[in-house]
Amino acid sequence: MLEIAIKGSKNYWLWIVFLLAVIGAGGIVYIDQFTNGLMITGMSRDVSWGFYIANFTFLVGVAAGGVMVVIPFYLHDYEKFHRITILGEFLAVAALVMCSLFIIVDLGQPTRMLNVMLYPSPKSILFYDMLVLQGYLILNIVIGWKILEAERNQVEPPFWTKPLIYLSIPFAIGIHTVTAYLYCGLPGRGFWLTAILAPRFLASAFAAGPAFLIILCYIIKKFTKFDPGWDAMQTLSKIVCYAIIANLFFFLCEVFVVMYSNIPGHAAHIQYLLFGYHGYNALVPWMWTSLTLMGTGAIFLLIPQLRNNKTLLPVTCAMIVFGAWIDKGLGMISGGFVPSPLHHVTEYAPTGPEIIITLGVYGTGFLVLTILYKLATQVKEEVHG
Amino acid sequence: MMKKSKRSFLKVAGIAAIGLGAFPAIHFASSDSHGTAHTVKSPNEGALLAHRWGMVIDTNKITDEVVENIVEACHKAHNVPDFNHEVDEEKYPKTRPVNHKQEVKWIWEEGFHYAFPDKEDEFLAERFHDLPFLVTCNHCKNAPCVKACPTQATFKREDGIVLMDFHRCIGCRFCMAACPYGSRSFNFRDPRPFIDETVSTFPTRSKGVVEKCNLCAERLAKGEQPHCVEASEGAIVVGDLEDPESEVRVLLNEHYTIRRKQSLGTEPSVYYIM
C-alpha cells in the first residue's frame, strides 16, 4: 500500500518538503542538544520537566482521543463513523510517534534508553507508561493497516482484528490514566496530588482529540476527493462538547478543593497559575486565555445553531485544541513545579532551541500523519469513487 | 603450574566479583542465579556499619562559617561543579555561559521557611529566622525517588543509604519530580569545566545524569566519617538509627528534633535538633 504515498500532487510534495525542512531544522538543533546537554533548554533544577514532557502529555491525550470514534463504531455499530474510524486510529499512531520522540529528546542520556527494558522496574510508573504506550501504538498500527488493506481489497478484515480492536479501547483509557499516574502519585507535589487528575486528563483528551480530528476532516475534505461526512463531524462535535464541559467541571472541582480548603502546599500552584504568586505571574495570561477559549468553545458547541455552522465549527475546534494545549502543555507541568517543594519560585519558559526541537518532533508526527492519511483517503477514493 | 594458574584465576574472579558488589542491583540478580557471589557481601575491615544510617544536625551549633566549610568540603570531595568557577579557557575552549538555575548541589543552606515550608509559623521565634539550615538528601526510609526510577539507577542499600549508579541513569528526571525535598540535581551540561580541582577518589559525572548526596558511602566503607561530619565541628553526627545505644539515638532521646515534611510518610533519616 505504501506506494500510494509516493504518488501525489504538487501541493502534496510541497507540504512534504516543508515538513522535511522543519524536521531538518529540529534535527540540527537536536544535535547541539545531544552534544552539549539539556543546558540549551529553559529547564532548571527547580523546573526539571518542561516543554517536551508537556507536549508529550498533551499528545498522549490526542492519541487516547481516537477511541472516541472507535467506541461508537465498534461497540454501538454507529455506521456514520465508518468512514472516519481509520482517521482516528491513524491520528493515534502519529500522536504516539510524537510521544515517543518527546520522551527521547527529553532524556539526558538517550543512548541508554533501553535500560528501561534491561532493568524493568515494576514499582516505577514510567515502566508501565512505556508498556501501555508501546502497546497502544502497535495495536493501532496493526488494526489501522489491516482494516485499510481489507477495504482496498474489498474483503472482510481478518477475524483477529476484532479482539484487537476491543483490546485497544481499555488501552486508550490506560495510556492517559497511567500518564496521569506519573504525576499524581508523587507525595511532594501538591498540584498533581489529586485523584481527579486522571479523569481530568481523559476529559481534556476526549475533547482535544476529536476536536483535532474535526479540523483534519475539514482539511481532508478540502484537499482530497474523500468526504468524511458532515453527520460524522456533527456527532464528533457533540462528543467534544460533552468532554470539554466535563474538563471544565473537573477543573472547577480542583480549584474549589484547593482554594476553599486553603492548604498552602496545594493552593500555591493554582494561585500561581491563575493570579500569580509573590509577584511571579508569567503563566497568568496564558491560563486565562486557555479558560476563555475552552469556555467559549463549550458555549459555541452547546448552541445547536452555532454548532451546525460549517464555518464556525473548525474555529471552535481550534479554540478548544489550543485551550487544552495551554492547559495541559503550559499549565499542567510548569504549574506542578512552581513553587518548588521548598517554596522557591523559579519560573520556566522554553528557549528558542527547545521550541525548534519541539517543532521538529511535531513535523515528524505530521509527516507520519500525512502519509497515513494519504493512504487512507486514496484507498477510500478508489473504493467508493 | 596447574595449581598456580587456577589460583590466579580465582583471584581474578574474586576481584571481578568485588567489582560486581559495587552495584547491588546486579549483585542481587547474580546472587539469585549463581550463589557464588556471597563473598562480596563481607564489608571492608574497619568499615563503619549500620542497620539504618541516619543523621542528626544540631542547629544550635551551625554558624555561617560552619555551613561554608561543610558545603565546600562535600562539594570538593565529590567533584560537584561550581558554576561560579572561572573556566580554564585552554582546557575547555568555547565553554558557553552558565545558567545558575541549572546548578548542581549536594548540601546547601536554606532559611527555616524553605527548609520546613509546612512548619510556617506566623510568629516564629526570631532566632530561627536568621538561622542557616543545612539541607541535603534525607535518605528516606520510603524514598519516592527509588520508587520512581525506571531503571533502578537510584536504589536503596540495605543500610538505608539511597545511592545512584551514574552509569545507568538515563536522565529522565522522574526522581527529581518525585523528591519532596528538592535534593536532586541534574547535569544539564558537562560539569567538568566547573570543577576547580578534580579529586581522584570520587568519579566525576557526565552530562545528562542526576546526582545527589550519597552520605559519603565511599568513606563509610573505609571506616571514615562523612565529609560534612568532619567539617561540622560537632554539629552533625551520623550513626545507626536502629541501635538504641548509638550516638544519634542518644541525641534524639535527649533533644527535641524535627524532620522535613514528615507528614508525607517518606520517613526522612535526617533529624534537626531545635
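Those protein sequences? They're chains A and B, same order as listed. Start counting the first sequence at 1; every next residue gets the next number (my numbering). Start counting the second sequence at 386; every next residue gets the next number (my numbering). Using N, Cα and C, we set each Cβ at its ideal position, and we do this for glycine too. Just so it is clear, the structure is predicted and the values come from calculations on it, not from any experiment.
Residue i: CB within 6 Å of a non-hydrogen atom of the ligand NAP
{"i": "Ile214/A", "result": "Questions concerning the ligand NAP fall outside what the structure shown contains, since it holds no ligand whatsoever."}
Option nearest residue i by Cα separation, candidates the options
{"i": "Tyr74/A", "options": "Val105/A, Ile147/A and Gly323/A", "result": "Ile147/A"}
{"i": "Phe223/A", "options": "Pro72/A, Tyr119/A and Thr377/A", "result": "Thr377/A"}
{"i": "Thr235/A", "options": "Tyr78/A, Ser44/A and Pro350/A", "result": "Tyr78/A"}
{"i": "Phe497/B", "options": "Lys646/B, Ser654/B and Glu652/B", "result": "Lys646/B"}
{"i": "Ala324/A", "options": "Cys99/A, Asn308/A, Ala205/A and Val255/A", "result": "Ala205/A"}
{"i": "Asn309/A", "options": "Trp286/A, Ala25/A, Asp231/A and Thr370/A", "result": "Asp231/A"}
{"i": "Phe571/B", "options": "Gly624/B, Ile643/B and Cys598/B", "result": "Cys598/B"}
{"i": "Phe249/A", "options": "Ile196/A, Leu139/A and Ile220/A", "result": "Ile196/A"}
{"i": "Tyr566/B", "options": "Leu182/A, Cys184/A and Arg189/A", "result": "Arg189/A"}
{"i": "Pro576/B", "options": "Leu38/A, Val178/A and Glu254/A", "result": "Leu38/A"}
{"i": "Ala172/A", "options": "Pro228/A, Leu91/A, Ile356/A and Phe300/A", "result": "Leu91/A"}
{"i": "Asp106/A", "options": "Gln33/A, Asp46/A, Leu167/A and Val379/A", "result": "Gln33/A"}
{"i": "Leu302/A", "options": "Thr289/A, Thr316/A and Ser290/A", "result": "Thr316/A"}
{"i": "Phe501/B", "options": "Leu342/A, Cys99/A and Lys374/A", "result": "Leu342/A"}
{"i": "Gly336/A", "options": "Leu137/A, Ile103/A and Trp192/A", "result": "Trp192/A"}
{"i": "Leu59/A", "options": "Ala95/A, Val70/A and Gln154/A", "result": "Ala95/A"}
{"i": "Cys564/B", "options": "Ser591/B, Lys526/B and His463/B", "result": "Lys526/B"}
{"i": "Ile442/B", "options": "Lys490/B, Val633/B and Ala432/B", "result": "Val633/B"}
Proximal chain B residues relative to residue i, where beta-carbon distance stays under 8 Å
{"i": "His343/A", "result": "His498, Tyr499 and Pro502"}
{"i": "Gly265/A", "result": "Pro502 and Asp503"}
{"i": "Val116/A", "result": "Pro535, Thr536 and Ile555"}
Status (buried if at least 16 other CB within 10 Å, exposed otherwise) for residue i
{"i": "Tyr656/B", "result": "buried"}
{"i": "Met68/A", "result": "buried"}
{"i": "Phe413/B", "result": "Here Phe413/B scores only 45 on pLDDT, less than 50, and its place in the model should not be relied on; the value that follows carries that caveat. Counting Cβ neighbours within 10 Å, Phe413/B comes out exposed, since fewer than 16 surround it."}
{"i": "Gln109/A", "result": "buried"}
{"i": "Pro210/A", "result": "buried"}
{"i": "Met561/B", "result": "buried"}
{"i": "Gly420/B", "result": "Legend: pLDDT at Gly420/B = 45, less than 50; position of this residue unreliable, no value from coordinates given."}
{"i": "Gly144/A", "result": "buried"}
{"i": "Lys388/B", "result": "Annotation note: pLDDT 49 at Lys388/B (below 50); position unreliable, no value reported."}
{"i": "Leu252/A", "result": "exposed"}
{"i": "Glu382/A", "result": "exposed"}
{"i": "Ala422/B", "result": "Caution applies to Ala422/B, whose pLDDT of 48 falls short of 50 and renders its modelled position unreliable; the value that the coordinates give is listed next. Classification for Ala422/B: buried."}
{"i": "Pro170/A", "result": "exposed"}
{"i": "Ser418/B", "result": "Low local confidence applies: a pLDDT of 45 at Ser418/B is under 50, so the model's placement there is unreliable, with the coordinate-based value given in what follows. Exposed is the call here."}
{"i": "Ser585/B", "result": "exposed"}
{"i": "Gly331/A", "result": "buried"}
{"i": "Ala407/B", "result": "With a pLDDT of only 47 at Ala407/B, under the threshold of 50, the placement of this residue in the model should not be trusted; the figure read from the coordinates follows. Answer is exposed; the Cβ neighbour count stays below 16."}
{"i": "Lys541/B", "result": "buried"}
{"i": "Trp438/B", "result": "buried"}
{"i": "Val17/A", "result": "exposed"}
{"i": "Ala54/A", "result": "buried"}
{"i": "Asn115/A", "result": "buried"}
{"i": "Thr41/A", "result": "buried"}
Proximal residues of chain A, C-beta to C-beta of residue i below 8 Å
{"i": "Val594/B", "result": "Gly108 and Gln109"}
{"i": "Asn375/B", "result": "Because chain B spans 386 through 659 in this model, residue 375/B falls outside it and cannot be assessed."}
{"i": "Lys693/B", "result": "The question about residue 693/B has no answer, for chain B in this structure spans 386 to 659."}
{"i": "Glu488/B", "result": "Arg45"}
{"i": "Leu495/B", "result": "The question names Leu, yet the displayed sequence has Glu at residue 495/B. Here the neighbours are Leu342."}
Where residue i meets chain A, residues with beta-carbon distance less than 9 Å
{"i": "Gly563/B", "result": "With the sequence shown as reference, residue 563/B is identified as Ala, and Gly is not the correct amino acid for it. What Ala563/B touches in chain A: Gly185, Leu186, Pro187, Gly188 and Arg189."}
{"i": "Gly567/B", "result": "Arg45, Asp46, Gly188, Ser340, Pro341, Leu342 and His344"}
Contact list for residue i against chain B, beta-carbon separation under 7 Å
{"i": "Phe127/A", "result": "Pro535"}
{"i": "Ser121/A", "result": "Cys534, Pro535, Thr536 and Gln537"}
{"i": "Trp49/A", "result": "Arg558 and Ala562"}
Under 7 Å by beta carbon: chain A residues contacting residue i
{"i": "Cys554/B", "result": "Gln109"}
{"i": "Asp575/B", "result": "Gly37"}
{"i": "Ser718/B", "result": "Missing from the structure shown is residue 718/B; chain B here goes from 386 to 659 and no further."}
Residue i: first and last residue of the uninterrupted beta strand (DSSP E) it sits in
{"i": "Trp345/B", "result": "Residue 345/B cannot be examined here, being either before or after the span of chain B that is shown, 386 to 659."}
{"i": "Lys162/A", "result": "Per DSSP, Lys162/A belongs to no beta strand (DSSP E); it is in the alpha helix (DSSP H), Thr161 to Cys184."}
{"i": "Leu548/B", "result": "Val547 to Met549"}
{"i": "Phe540/B", "result": "Thr539 to Lys541"}
{"i": "Ile658/B", "result": "Val655 to Ile658"}
{"i": "Phe518/B", "result": "Phe518 to Thr521"}
Chain-ordered neighbours of residue i on chain B, where CB pairs are closer than 9 Å
{"i": "Met113/A", "result": "Ile555 and Cys557"}
First through last residue of the alpha helix (DSSP H) which encompasses residue i
{"i": "Tyr499/B", "result": "Phe497 to Ala500"}
{"i": "Ile214/A", "result": "Leu197 to Phe223"}
{"i": "Phe275/A", "result": "Counting along the chain, Phe275/A falls outside any alpha helix (DSSP H), and DSSP gives it neither H nor E."}
{"i": "Phe322/A", "result": "Leu312 to Trp325"}
Quiz item: Taking a cut of 9 Å between CB atoms, which residues from the segment 300-312 of chain A lie near chain B?
Solution: none
Quiz prompt | Members of the segment 632-658 of chain B near chain A, C-beta cut-off 8 Å | solution = Lys646, Leu649, Gly650 and Thr651
Self-check item: Proximal residues, the segment 508-538 of chain B versus chain A, C-beta separation under 7 Å
Solution: Residues Pro529, Lys532, Ala533, Cys534, Pro535, Thr536 and Gln537.
Quiz item: Mind listing which residues of the segment 124-152 of chain A have their C-beta closer than 7 Å to chain B's C-betas, in chain order?
Solution: Ser124, Leu126 and Phe127
Quiz item: Looking at chain B, which residues of the segment 14-28 of chain A have a Cβ within less than 7 Å of any of its Cβ atoms?
Solution: Within the segment 14-28 of chain A, no residue qualifies.
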